[in-house]
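Asks: These protein sequence lines are chains A and B, in that order. Offset between the first sequence (1-based) and our numbering: plus 378. No gaps in the numbering here: position 123 of the second sequence is 118 in our numbering, and each next residue is one more.
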Amino acid sequence: MKVKLNKDYLLALVAVVLGLIAGAILIAITGNNPLEGYFYLFRGGLMNIQRIGDTLATATPLILTGLSVAFAFKTGLFNIGAAGQMLIGGLCATAVGLSLDCSKPILLTLVVLSAILGGALWGAVPGYLKARFNVHEVVSSIMMNWIAYWAVYYIVPAYFKGQFLETESRKIPAAASLKVDWLMNLFNGSYINLGFFLAVIAVIVIAFILNKTTFGYELKAVGYNRFAAESAGIIANQSILLSMVLAGALAGLGGAAFYVGYASNIQIGVSPSQGFDGIAVSLLGLNSPWGVLFAAIFFGVLQSGKGFMNAMTSIPPEIADTIIATIIYFAATNILIERAWERLRKRKNKGSALKKDLKVDKVGGAE
Amino acid sequence: MDYVVEMLNIRKEFPGIVANDDITIQLKQGEILALLGENGAGKSTLMSILFGLYQPEGGTIKIRGRQAKITDPNIANELGIGMVHQHFKLVHNFTVTENIILGLEPKRGIVIDIRSAAKRIGELSEKYGLNVDPYAKIEDVSVGMQQRVEILKMLYRNAEVLIFDEPTSVLTPQEIQDLMKIMRNLMNEGKSIVLITHKLKEIKAIADRCTVIRRGKLIGTVDVASTSEAKMAEMMVGREVSFSVEKGPSCPGEVILRIENLSVINNRKLKGLRNFSLEVRSGEIVGIAGVEGNGQMELVEALIGLRKVESGKLYLRERDITETPVRNRIEAGIASIPEDRHKNGLVLDFTVEDNLVLKSLHQAPYSKNGLLNRNVIHQHAEKVMADFDVRAGEGPAAIARSLSGGNQQKAIVGREIDLNPEILIAVQPTRGLDVGAIEYIHKRIVEQRDQGKAVLLISLELDEILDLSDRIAVISNGELIDIVEAAVTNENEVGLMMAGVKRGEHR
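1) May I have the straight-line CA-CA distance separating B/L294 from A/L661, to the nearest angstrom?
2) When you compare each of B/T167, B/D128, B/E197, B/K122 to B/S471 by their alpha carbons, which one comes out closest?
3) Within 10 angstroms of the Cβ of B/Q81, are there 16 or more other Cβ atoms? Answer buried if so, exposed if not.
4) Can you pull out the residues from the region 356 to 376 of chain B whose beta carbon lies closer than 7 angstroms to at least one beta carbon of chain A?
5) Across the region 41 to 55 of chain B and the region 83 to 95 of chain B, are there enough close Cβ pairs to call them in contact, namely three or more that are closer than 8 angstroms?
6) Between which two residues does the beta strand (DSSP E) carrying A/C470 extend?
7) Would B/G211 pass as a contact of B/P247 if the rule is Cβ separation under 7 angstroms?
8) Going straight from the alpha carbon of B/I201 to that of B/I27, what length do you get?
9) Can the beta-carbon of B/A468 be found closer than 7 angstroms to that of B/I460?
10) For a test of the three-state rule: what should DSSP assign to A/M425, helix, strand or coil?
11) Touch check for the region 194 to 209 of chain B and the region 440 to 447 of chain B: three-plus C-beta pairs under 8 angstroms?
12) Quick one: complete beta strand (DSSP E) runs, 3+ long, within the region 201 to 281 of chain B?
13) How is A/V381 classed by DSSP in three states: helix, strand or coil?
14) Quick check on DSSP: helix, strand or coil for B/I12?
15) Do the region 640 to 660 of chain A and the region 527 to 539 of chain A meet, that is, are 3 or more Cβ pairs less than 8 angstroms apart?
16) Hey, is A/N512's beta-carbon within less than 7 angstroms of any beta-carbon in chain B?
17) Let me confirm a value: A/H514 is counted as buried when at least 16 other C-beta atoms fall within 10 Å, else exposed. Which label applies?
18) Tell me whether B/R498, by its Cβ, gets closer than 6 angstroms to a heavy atom of the ligand FMN.
19) According to the neighbour-count rule (16 or more other Cβ atoms, all chains shown, within 10 Å of its Cβ), is B/Y504 buried or exposed?
20) Which residues in chain A sit within 8 angstroms of B/P10, going by Cβ to Cβ distance?
21) Is the beta carbon of A/G397 less than 7 angstroms from the beta carbon of A/I705?
22) For B/G54, name the three-state secondary structure that DSSP assigns.
23) On the premise that A/A673 lies in contact with A/G683, defined as a C-beta separation below 8 angstroms, what is that separation, rounded to the nearest angstrom?
24) Alpha carbon to alpha carbon, how far is B/V281 from B/L452? Give it in angstroms, no decimals.
25) Any contact of the region 187 to 202 of chain B with the region 224 to 232 of chain B, i.e. 3+ C-beta pairs under 8 angstroms?
26) Going along the chain, which residues of its own chain have a beta-carbon closer than 7 angstroms to the beta-carbon of B/D413, five neighbours each way excluded?
27) List the endpoints of the continuous beta strand (DSSP E) containing B/V79.
28) I'd like to check one pair, B/Y361 with B/N350: are the Cβ atoms closer than 7 angstroms?
29) List the residues of chain A whose Cβ lies closer than 7 angstroms to the Cβ of B/D445, in chain order.
30) Could you compute how far the alpha carbon of B/R410 sits from the alpha carbon of B/E1?
31) Kindly indicate which three-state DSSP category A/A493 falls into: helix, strand or coil?
32) Between which residues of its own chain and B/M178 is the CB-CB distance below 8 angstroms, once the five residues before and five after are set aside?
33) If we define contact as Cβ-Cβ less than 7 angstroms, is B/K132 a contact residue for chain A?
34) So, is A/Y595 buried or exposed, given that buried needs 16 or more other C-beta atoms within 10 angstroms?
35) Once you ignore the five residues that flank B/I436 on each side, which residues in its own chain have a CB closer than 8 angstroms to its CB?
36) For the putative contact between B/G156 and B/V(-1), defined by C-beta atoms under 8 angstroms, what is the C-beta separation to the nearest angstrom?
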């Protein structure tokens, strides 16, 4: 198990390196120096404490949507609805933040809880449909994305219209924001907010659930083999519903982190890109909670550094997005990398006949 | 020497294993050559090479003395090689004729000339004694008939060499007799046959020579008439094997499981099981004999709690469990070895230790307040693996998928017996296992009986039922045909009942 995990992480790293190499080739094609480009790209994401704070703030919603998708994957479900769950989470958070008036600790707690509940509800619907009627969660959660999109489109102008613009809500009061002064001061005025800590706590909680509890064990058992789980007395339908509820709650929390943390209001007509980027984060993070954390922060570095790279060189910022896309391709096709690896090793081994004979002894299911 | 097919020094590698290592087989004109080996020995790989599905890494194939390169099944067909697969490849809502001509439809102008094709099929059928109606629809005919359609398919394509891959695994004993007769007819007409099997009895009954493969290596080719079954088994397994299950007389006690007028709806929304009643007592093994798809699956699922009971009652130690959920039934003492260990038995991507607590994880000592106790789970796995001889490279931490079939099955058997159940429901407990593992699992099942547990054995292998059971309940078409004492019945009687003929009805 240990050995295998290490190999998987190695493959993820290979995907990253290959993606960066592909990016370097692209930068070279645009007539720029790849080393210079990467220098400014990473410098832009990490050069000082404020930049690091911004990087973490950018990564925060990605951690949560990535975690949402990864958790669903682990339990055999494809949550493609993180965008909608996040949007509803953000809407609930904004609505509570704008409607209630109480002290910051209480208000913030309510804001975050409402986001979690909103996301959970948005996950529960596809979960219920899957468990009860075997409706595929990909179809129903995409539909839920659009319901969230149009719900925001209607509710924000109707009830929370901004002062100047029809297309966004009013700014939430400071008491409802996840941004806190001491943290911003610590990071020299960066966007970083409490959402990052909530995301890290979520990573720990999900890792704990998946690895240490009977609940997580049963969810995974259903995910890997529903029939065996049912034969063993686990109620698969219940697991499916709970998985989607939890996945939705995570994405909903991501909505709070984005709309009342990173930003301070919600726009209509925009589906958050973090919803779908979460799938990529989950893929690169090998669906493991800690892997998701690192993958999201890595994507955060690229996202927040691309502006700086653009400012300092003539490399278009789209290159950073292309690199991300390429890395995802390599991560998704890592079976090919693995095969090439095996072939290379085999060729190496052919020299020493002894080693080969040792391998031959491992005869298993040949048919 | 006039060999029809010669496969010389064949070598085939798959990543990590050598499936065929320097294997040579030679098939004479007009003979039946058995290819004997355990599961995973490389028999099917070898025949897939001959049929053009795989390319060998080394060695040569000669057809009628001339070297051939068989790169796909069409070339094999042109060379007169045909294969009857273990799982038939037929279109169910097509007629026999339509299935047979599929791929090389005879045409008159632009329309398919069904009639002349059907006529030729009728003639072939008569010539070889196949007794197939060219116009019958596949879904309406028996499994044995479907197999004969597969045979006709090869004959229609003028195959001279016929490969049969485990042909008897889906047949009743009577159908097996018919198949043997057909194979003899084919032989008499000059066809050459390769019979892939791991059943020694069949080899003894029909084959001329027998080539034995073990772990991808050729062990030898023997003359069947002058070689004993025990000798062939030894060649196959690599050590001496005891065939008969050693067991003393049973001493049944109180009724553990009572099935009362049970009716269950199957996946096709029909009654898969009708008014089925049976009692299983402690200290006895009750075998359910029947041809595949006659209600066994519905019965098992109803007993375990995966399928709703339409009418009737289930009692475990006189406690009504008809409506009890799966988990509570397990806790009440129902253990089950499932038919399909990959589908229902194991979570293949879990470790062995996690699989060994699949049914008991929610209870102490494996978990407390919803938190896993990893140490206890690990120790439990070590104990079960030692008790049941489950071998895995990385011990309890090995991924279940990486284990061989025999070890996977032993792990399941270990898990279920470790539950210390009232009744053990064993469905095809030795399917696809080699002789050594079968011997071991049979021993453990009999041991359960001797410890006073009730055992319900459901198997399609009649030999297994006859060897292990104390009483045999025969099921056909979802109905209980009869219950007989294993000691006083025989294969023929049970076989007839499996076909739905009640005792006293025939002759």
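C-beta atoms are modelled at their ideal positions from N, C-alpha and C, and glycine is treated no differently.
Replies: On the basis of the coordinates in this document:
1) 42 angstroms
2) B/T167
3) exposed
4) L356, H357, S362, G365, L366, L367
5) no
6) Premise fails: A/C470 lies in the alpha helix (DSSP H), 460 to 477, not in any beta strand (DSSP E).
7) no
8) 7 angstroms
9) no
10) coil
11) no
12) 204 to 209, 212 to 218, 250 to 260, 266 to 276
13) Reliability fails at A/V381, whose pLDDT of 42 lies under 50, so the model's placement of it is uncertain and no value is given.
14) strand
15) yes
16) no
17) exposed
18) Because no ligand of any kind appears in the structure shown, any question about the ligand FMN cannot be addressed here.
19) Past the edges of chain B, shown from -4 to 502, lies residue 504 of chain B, and the structure says nothing about it.
20) E720
21) yes
22) strand
23) Incorrect: roughly 16 angstroms between the Cβ atoms, too far for contact.
24) 6 angstroms
25) yes
26) V379
27) 76 to 79
28) no
29) Chain A residues near B/D445: none, gap ~27 angstroms exceeds 7 angstroms.
30) 46 angstroms
31) helix
32) I27, F159, I188, L190, I201
33) no
34) buried
35) Q404, K405, V408, P424, T425, L428
36) Strictly speaking, residue 156 of chain B in this sequence is Val, with Gly absent from that position. Indeed they touch by this definition, with Cβ atoms about 6 angstroms apart.
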